[in-house]
Every structure is written in C-alpha cells, then in structure tokens.
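Below: the structure, in structure tokens.
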Amino acid sequence: MKSSGWSKSWVQQLVFTGPVTLAFAIIIALPFFMGMYYSFTEWNGVSDNATFVGLDNFVKIFNDQTFINSFTFTTKFTIAAVILSNLVGFMLALLLTQPVKSKNLLRTIFFMPNVIGGLLLGFIWQFIFVKGFAAVGEKTGWSLFNLPWLGDETTAFWGVVIVTVWSTSGYLMVIYISALINVPRDLIEAASIDGATAMQRLRHITVPLIMPAVTIALFLALSWSFKSFDIILSLTKGGPYNSTQSVALNIYNEAFQNNNMGLGTAKALIFFIVVALITSLQVWVTKRKEVQA
Amino acid sequence: MKKSLISAVSAGLAIAMLAGCSTSNNGGGNEPAGNNGGANNGEKVTLNIFQFKVEIADALNRLKADYEKENPNVILNIETMGGGADYGAGLKAKFASNQEPDIFNNGGNADLTTWADKLEDLSNEPWQSDVIDTAKEGITRDGKNYGLPMGIEGYGLIYNKDLFKQAGIETPPKTLTELKAAVEKLKAAKITPFSNGYQEFWVLGNHTFNVALANQDDPTSFIKGLNEGKGGLVGNPVIGNWFNLFDMMIANSNKNPLTTDYNTQVTLFASGKTAMMQQGNWTQVQIDGITPNMNIGILPMPVDDSEKSGNIFVGVPNYWVVNKNSKNKEAAKDFLNWLATSETGKNYGVNEFKFIPALKSVEVKDQKVLGAIANDILQYSKDGKTSGWYFNQMPEGLPQEVGADMQAYVAGKSNKDQLVKSIQDKWTNMAKK
Numbered sequence: 001m002k003s004s005g006w007s008k009s010w011v012q013q014l015v016f017t018g019p020v021t022l023a024f025a026i027i028i029a030l031p032f033f034m035g036m037y038y039s040f041t042e043w044n045g046v047s048d049n050a051t052f053v054g055l056d057n058f059v060k061i062f063n064d065q066t067f068i069n070s071f072t073f074t075t076k077f078t079i080a081a082v083i084l085s086n087l088v089g090f091m092l093a094l095l096l097t098q099p100v101k102s103k104n105l106l107r108t109i110f111f112m113p114n115v116i117g118g119l120l121l122g123f124i125w126q127f128i129f130v131k132g133f134a135a136v137g138e139k140t141g142w143s144l145f146n147l148p149w150l151g152d153e154t155t156a157f158w159g160v161v162i163v164t165v166w167s168t169s170g171y172l173m174v175i176y177i178s179a180l181i182n183v184p185r186d187l188i189e190a191a192s193i194d195g196a197t198a199m200q201r202l203r204h205i206t207v208p209l210i211m212p213a214v215t216i217a218l219f220l221a222l223s224w225s226f227k228s229f230d231i232i233l234s235l236t237k238g239g240p241y242n243s244t245q246s247v248a249l250n251i252y253n254e255a256f257q258n259n260n261m262g263l264g265t266a267k268a269l270i271f272f273i274v275v276a277l278i279t280s281l282q283v284w285v286t287k288r289k290e291v292q293a
Numbered sequence: 294m295k296k297s298l299i300s301a302v303s304a305g306l307a308i309a310m311l312a313g314c315s316t317s318n319n320g321g322g323n324e325p326a327g328n329n330g331g332a333n334n335g336e337k338v339t340l341n342i343f344q345f346k347v348e349i350a351d352a353l354n355r356l357k358a359d360y361e362k363e364n365p366n367v368i369l370n371i372e373t374m375g376g377g378a379d380y381g382a383g384l385k386a387k388f389a390s391n392q393e394p395d396i397f398n399n400g401g402n403a404d405l406t407t408w409a410d411k412l413e414d415l416s417n418e419p420w421q422s423d424v425i426d427t428a429k430e431g432i433t434r435d436g437k438n439y440g441l442p443m444g445i446e447g448y449g450l451i452y453n454k455d456l457f458k459q460a461g462i463e464t465p466p467k468t469l470t471e472l473k474a475a476v477e478k479l480k481a482a483k484i485t486p487f488s489n490g491y492q493e494f495w496v497l498g499n500h501t502f503n504v505a506l507a508n509q510d511d512p513t514s515f516i517k518g519l520n521e522g523k524g525g526l527v528g529n530p531v532i533g534n535w536f537n538l539f540d541m542m543i544a545n546s547n548k549n550p551l552t553t554d555y556n557t558q559v560t561l562f563a564s565g566k567t568a569m570m571q572q573g574n575w576t577q578v579q580i581d582g583i584t585p586n587m588n589i590g591i592l593p594m595p596v597d598d599s600e601k602s603g604n605i606f607v608g609v610p611n612y613w614v615v616n617k618n619s620k621n622k623e624a625a626k627d628f629l630n631w632l633a634t635s636e637t638g639k640n641y642g643v644n645e646f647k648f649i650p651a652l653k654s655v656e657v658k659d660q661k662v663l664g665a666i667a668n669d670i671l672q673y674s675k676d677g678k679t680s681g682w683y684f685n686q687m688p689e690g691l692p693q694e695v696g697a698d699m700q701a702y703v704a705g706k707s708n709k710d711q712l713v714k715s716i717q718d719k720w721t722n723m724a725k726k
C-alpha cells in the first residue's frame with residue numbers, strides 16, 4: 001500500500017493538529033471575533049438587543065480617566081515586575097547551577113509558588129501584609145513593617161510587585177537553568193585559561209549564549225504582567241482608591257460591574273492590540289541579540 | 294506501521310472528545326419556549342433556583358425537602374453563589390450558556406433596569422397585598438411589580454452597650470452633639486470608638502454615602518437630578534453636614550482602616566476592641582460566633598441634631614424574581630406563592646433564614662430568633678424612624694467609584710471639595726453611559 005507523500009502528510013497534519021486547531025477556533029478565536037462586534041455596540045450584557053453605535057465606544061475610552069490611570073499603573077507595574085522577576089529568576093538559576101547541596105530540593109521550593117493559583121497567592125499574601133507584617137512591626141518596631149501595607153499607593157504597588165515576582169521568578173528560573181546547563185563547558189574553560197574573570201565570563205560568554213532563553217523569559221514575564229488580574233483582584237481589589245487597578249481589572253469592572261459590555265470589549269480590543277505590539281517588538285529586539293556557539 | 298497506529302488512536306480520541314462535548318448539553322438548560330403548562334401534566338418539573346445568600350444555603354436545603362414532600366411532582370435544584378463571589382457575573386454566565394435559572398435574585402432599582410428584559414411580571418400574585426409598601430418600590434417599574442422581597446435589612450451604628458456603660462454614657466446618643474460627647478467619653482476611657490472596614494467599597498460607597506443621600510429633603514428627586522446630569526452635590530448643605538459625621542468616624546477609627554476588611558471590622562467590634570461599627574443586622578451571626586449573647590444595639594448615624602437624621606437605614610437587599618423565558622414559570626410562581634403565604638414558608642423566612650419579614654402578616658413571635666440588632670431595627674421601623682437605601686438608585690458601578698474616591702479622602706489624598714466634585718463628575722459620566 002503506497003499512498004502519495006503529499007496526502008499522507010496532510011492526513012497526519014490533520015490528525016495531530018486538527019483537534020487542537022478546532023478547540024482553539026471554538027474557544028479562543030470565535031469568541032474573540034464575536035467580541036469584536038460587540039465593541040461597536042452599546043449592550044449591557046443581559047438585554048435582548050445590542051444597539052450599534054459605531055466608533056462611539058472608542059471615543060469614550062480616550063476620555064476615560066480611570067482607563068488611562070489603569071494603563072499608567074499597568075505600565076509601571078510591568079516595568080518593575082519584568083525587571084525584578086527576571087533578575088531574581090536569573091540569580092536563582094546561577095546559584096542553583098553551581099555545585100550546591102540540596103540543589104534539587106531548592107529548585108522545587110523556588111518553583112512551588114508558581115503551582116499555587118494566583119487567587120490563592122493573593123489571599124495568602126494579603127494576610128501576610130496586613131496581619132503578619134503588622135504583628136512583626138509591633139514586636140520589633142522596624143519601620144518597614146510598620147508601614148500601612150496595602151493601605152496606600154506606594155505600599156500597595158510594591159505589594160503587588162513583590163507577590164508577582166515571588167510567584168513568577170521560579171518559573172523563569174527553570175527556563176534559565178535549562179539554558180545555563182547547555183552552555184558548553186569548553187568555551188568557559190577556554191575563557192578562564194585566557195584569564196577572563198568570573199564577571200567577564202558571565203557577561204561575554206554565558207549571557208550571549210543564553211539569549212534564546214532571555215527572549216522567552218522576557219516574553220512570558222511581559223505578557224503575564226500586562227495581563228495581571230487574579231493576584232491584584234485578591235490582594236487589593238484594585239484599591240486603595242483604584243491606585244492598583246490593572247487594565248485587565250478595569251476591563252472586567254467595566255463589563256461586569258458597570259454592565260457596559262460593549263465599552264468593555266472595546267477596551268479589551270485596544271488592550272489586545274497594545275499587548276500584541278509590545279510583545280512582538282520585544283521578541284524582535286531580543287531575537288536579534290541571539291548568537292550561535 | 295507504528296505511525297499510522299498512533300494516527301488512528303489520536304483520531305479516535307479526538308472524535309470521542311467531540312462527542313463528549315455534544316452530549317452534555319441537555320442537562321438543566323431552559324430553552325425559551327411558550328409552553329407554560331409544565332407543572333400540570335403530572336410529569337416531574339425541575340425548578341432551577343440560583344441564589345446568592347450564602348448564609349441561608351443550609352436552611353434552603355431543609356426547605357427543599359419540605360417543599361418536595363408537599364409537592365411530589367416538583368424537584369428543586371438550588372444553587373448558591375455569593376459571599377465573596379460575583380453573583381452578577383455568575384448569573385450572566387448562566388444566561389449566556391443557556392442554563393437560565395427559573396428563579397433567581399435581583400437587587401431592584403438599577404439591577405432591575407439591567408435585567409428587566411428577562412423578568413416575569415408578578416403584579417397579580419396573591420402575596421402582593423401583603424408586602425409592606427417600602428419594600429415594593431425598588432422592584433416596581435411602569436406600574437408592574439417583578440419580585441418578592443426576601444426580607445428587610447437595616448444598618449446604622451452598632452454599639453457595645455457594656456463599653457458605653459464603662460465609659461459612663463447613660464443614654465444612647467441620637468443626635469450629632471450627643472454622639473460627639475459619647476465619642477469623647479469613650480476616648481477618655483481609652484476605648485477606640487469606631488472600627489471602620491474601609492477596605493470594602495460598599496461600607497463607604499453604599500452605606501456611608503447613603504447617609505448623605507437619605508438626609509436630603511427629597512432623596513428620590515435629588516438622585517433623579519444627578520442622574521439627569523443637573524448636579525446638585527457640590528455646595529449641597531446636607532453634604533456639608535455629612536462630613537461632620539464622616540470626619541468624626543475617620544478621626545476616631547481603629548488603626549489602618551483602609552486595610553481593614555469586613556471580617557476584621559466585625560471581629561474588632563465583636564471582641565470588644567471597639568465600641569461602635571457602621572454595619573447592619575447581617576453581622577449578628579458572626580458576632581454570635583465570636584461573643585455569644587453580646588450586649589449590643591443599634592444607633593442612628595446623625596449628621597446634625599435634626600429629627601430626621603436620627604433615623605436608621607432600612608432596605609430590601611434582594612428580591613426573588615422569575616425568569617420570563619422559563620418553561621416552568623407557573624411552577625416557579627407557585628413556589629414563590631408557597632414561600633410567601635404558606636405557614637411553612639413564612640416560618641422559614643423568619644426562623645430559619647432569620648430575615649426581618651417584609652410581609653405584613655408575618656409576626657416575629659420569639660424575640661431571640663432574630664437577635665438584638667434586628668429587634669432594635671424592628672422597633673425603629675414601628676416608630677417610623679427609618680430612611681431608605683438610596684444607593685440602589687445610583688448608576689451601576691458608581692458605588693464602587695464613590696468608594697474609591699472616599700478611600701482617597703480617608704487617606705488624605707483629596708480634600709472635601711475635591712471629593713464632592715469628583716463624585717458629582719463621575720455620577721454625571723456614568724449616568725450618561
């Protein structure tokens with residue numbers, strides 16, 4: 001039995017990628033395009049008729065101060081979270097690729113926060129910040145713990161950043177570890193024979209060789225932080241006074257709390273375009289820095 | 294050959310998966326249908342009830358057993374989603390996925406506007422004449438009434454009578470001057486006057502802000518003016534007075550009120566660490582859990598020394614409503630009728646759900662059943678010393694924004710003028726949408 005190569009590979013393609021493509025189309029693509037329609041309507045999410053209003057929703061968005069504020073917050077938060085989570089993840093990876101005892105145990109421990117869901121993390125950390133920190137502050141008198149944690153803009157901002165970094169850096173660590181153990185030993189040995197210091201070896205040999213991992217890690221951290229929702233919802237609910245309201249939370253509130261489904265989807269559409277642009281830009285930039293050993 | 298085997302197996306799996314998806318669709322779905330006679334033809338009818346009072350979930354299960362015994366051809370399928378969860382979003386998801394419940398909850402007013410397309414007119418139900426007048430307003434639109442009130446709730450300043458006595462306060466304060474004096478005495482006795490759960494938007498944006506609305510001469514037309522974008526908040530004298538109360542509560546608060554959530558607020562009060570809290574009778578169960586038989590009562594929230602500002606605030610938190618498109622809506626109406634008129638149904642309302650009745654014919658026989666706060670509220674109601682819950686008439690989403698603005702004021706990020714201006718601007722904006 002001999003069938004032509006073309007049709008055979010076509011059947012295989014269909015069998016292997018077909019189900020996934022179908023599921024993706026039904027669960028992601030279809031709602032996405034249906035949502036696009038609603039962004040041109042005024043609809044409360046319940047009523048039987050949605051009125052077509054053209055571009056009205058998009059005009060409203062640019063006059064919506066809370067949406068602009070949430071964009072500012074999300075941008076600041078993303079910058080802080082991406083830098084810190086990658087730094088911490090990379091440091092941990094460097095540390096745990098050295099000959100350390102209980103290396104595997106430590107890797108598991110640092111990865112663990114990622115296994116716990118974001119909502120749960122938020123509630124646990126809310127307790128730590130509000131009750132735990134206050135108790136430590138009372139006992140020791142250290143001013144860091146006596147701050148009104150989550151109670152004002154600054155502490156709420158850093159509270160959200162700390163929890164995000166804590167939960168994501170373990171995942172990034174795993175990516176960095178897998179890249180670091182693949183760096184050829186002979187290159188590093190050659191460099192040290194030539195007299196390169198540890199810092200120089202890291203800067204000029206290791207980092208350029210793990211750039212593919214950096215691309216992935218940055219991309220993940222960037223898209224996670226931009227879309228941040230569950231940790232913020234359970235940690236601060238966007239408060240105090242909306243100072244930690246991320247764009248995702250703002251969209252959710254607009255659609256489900258203010259019952260403006262049309263306006264909400266319009267915001268989501270704009271947000272999608274912005275995130276897609278920024279992450280593509282980042283991937284393009286870091287890809288150009290990748291080198292071959 | 295191995296490859297084609299794998300292909301075949303995964304193709305089989307894929308088909309099984311898709312088949313699995315398509316068969317699970319005929320569970321509890323209610324396709325909109327004109328067939329109303331479902332209850333009469335001897336077949337079993339399943340009534341899907343989707344409700345949000347977590348506190349009564351257990352009692353509802355006992356009620357289910359009783360109702361099914363009396364009505365053997367009806368099965369009640371009760372689902373509860375509430376507490377910290379978002380009931381509104383959950384309900385929308387049910388409607389979007391064709392699992393529309395037959396009976397669900399509606400908060401009235403703005404919530405009624407949202408759901409009006411889906412609600413059955415209940416104006417001609419036998420229990421309508423029994424509902425007290427103030428409980429009808431919120432669920433009536435264009436002369437049609439859409440819901441059966443679950444019960445009545447009230448809030449004000451809940452106070453610890455023992456701590457008041459300890460501080461030497463003889464008579465419960467009813468005016469602003471008296472309240473100020475009481476706060477001073479409490480402070481002198483080293484007792485924290487208020488526990489404020491200002492992390493919760495609704496403590497501020499619904500309940501505290503309502504005090505400013507309810508003390509207007511004609512709250513409904515005042516709110517109407519704001520909804521029409523005419524303003525009226527900036528420079529309003531009642532708002533000016535309202536700051537007397539609000540500022541006093543902020544100045545005499547527990548530590549870090551902005552990170553104090555509802556649970557912490559109630560716990561602080563119930564464990565005797567503060568003398569007062571702005572809350573309602575729904576806290577009774579939690580207080581009983583911490584300090585049983587606590588000696589407590591409820592005080593008004595005066596903004597000045599006038600008679601009217603000595604009222605507490607009473608409203609209907611929720612109504613039972615019937616889905617207009619349900620094919621079992623006659624059975625659903627029968628169930629609500631049973632709940633409102635039968636002895637068993639009435640008994641559940643008071644003794645099991647512990648709701649302050651919104652029906653005239655229901656008597657509270659045992660004072661202990663509802664607890665100290667509810668008894669005080671009943672007394673205020675009898676004396677006509679109550680005002681309404683006007684936050685229900687605000688545009689949807691506005692209480693959350695007002696709450697955020699008030700948090701900024703509590704944190705010292707804005708002053709009085711900025712707060713009032715910001716609320717008015719947001720009100721105008723959100724009413725327009």
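Each protein sequence line maps, in turn, to chains A and B.
Residues in the first sequence are numbered from 1 upward in steps of one, following my numbering.
Residues in the second sequence are numbered from 294 upward in steps of one, following my numbering.
All residues carry an ideal CB built from backbone N, CA and C; glycine is no exception.
Are the Cβ atoms of residue i and residue j separated by less than 8 angstroms?
i      : j      : result
V496/B : M541/B : no
L561/B : N547/B : yes
W631/B : N503/B : no
Y38/A  : T265/A : yes
I451/B : Q579/B : no
Y439/B : L412/B : yes
For residue i, which option in the options has the closest C-alpha, if you only look at C-alpha atoms?
i      : options                        : result
K289/A : F40/A, P208/A, G170/A          : P208/A
W720/B : F515/B, S680/B, L671/B         : F515/B
I216/A : I79/A, T279/A, P184/A          : T279/A
G447/B : I605/B, D435/B, V703/B         : I605/B
S243/A : T513/B, D698/B, T407/B         : D698/B
I670/B : K622/B, Q711/B, G444/B, N685/B : G444/B
T154/A : I26/A, K76/A, N250/A           : K76/A
K483/B : L415/B, A507/B, K566/B, W408/B : K566/B
G45/A  : N370/B, K626/B, W408/B, G400/B : W408/B
Does the CB of residue i have a neighbour CB from chain A at under 8 angstroms?
i      : result
N549/B : yes
D410/B : yes
Q344/B : no
F388/B : yes
M687/B : no
G444/B : no
G431/B : no
S315/B : Note that S315/B has pLDDT 37, beneath the 50 cutoff, so the model's placement of it is unreliable and the number below is only indicative. Closer than 8 angstroms: no.
A307/B : Low confidence applies to A307/B: its pLDDT is 48, below 50, so where it sits in the model is not reliable, and the reading given next is rough at best. Taking Cβ atoms only, chain A reaches closer than 8 angstroms to A307/B, which makes this a yes.
D540/B : no
A625/B : no
By Cβ distance, which residues of its chain are closer than 6 angstroms to residue i, with the 5 residues on each side in sequence left out?
i      : result
F133/A : F145, W149
S228/A : S246
Comparing the C-beta of residue i with each C-beta of chain B, is any distance below 8 angstroms?
i      : result
A257/A : The residue asked about is misnamed: residue 257/A is Gln in this sequence, not Ala. True, the Cβ-Cβ gap to chain B drops below 8 angstroms.
L150/A : yes
R288/A : no
G54/A  : no
Y38/A  : no
P31/A  : no
S178/A : no
Give me, in chain order, the residues of the same chain whose beta-carbon lies closer than 7 angstroms to that of residue i; leave out the 5 immediate sequence neighbours on both sides.
i      : result
F52/A  : F40, T41
A505/B : V531, I532, W535
Q717/B : G524, L526, V527
Please work out which residues of its chain come closer than 8 angstroms, Cβ to Cβ, to residue i, disregarding the five sequence neighbours upstream and downstream, and give them in chain order.
i      : result
W284/A : none
N329/B : Note that N329/B scores a pLDDT of 41, beneath 50, so its modelled location is shaky and nothing firm can be said.
I177/A : A93, L96, T97, R107
V82/A  : L218, A221, L222, S225
Does at least one heavy atom of the ligand MN sit under 7 angstroms from the Cβ of residue i?
i      : result
P208/A : Ligands in the displayed structure: none, and consequently the ligand MN is not present.
Contained beta strand (DSSP E) runs [length at least 3] in the region 347-377 of chain B, N- to C-terminal order: 367-373
Can you list, in chain order, the stretches of the alpha helix (DSSP H) that have 4 or more residues and sit fully within the region 11-69 of chain A? 30-38, 56-62
Curious, which full-length alpha helix (DSSP H) runs of at least 4 residues does the region 120-187 of chain A contain? 133-140, 143-146, 153-180
Output, in sequence order along the chain, the residues in the region 191-209 of chain A whose CB is closer than 7 angstroms to any CB in chain C. Although the question refers to chain C, the structure presented lacks it and instead comprises the protein chains A and B.
Taking only runs of the alpha helix (DSSP H) that begin and end inside the region 224-275 of chain A, which ones reach a length of at least 4 residues, in chain order? 230-235, 247-252
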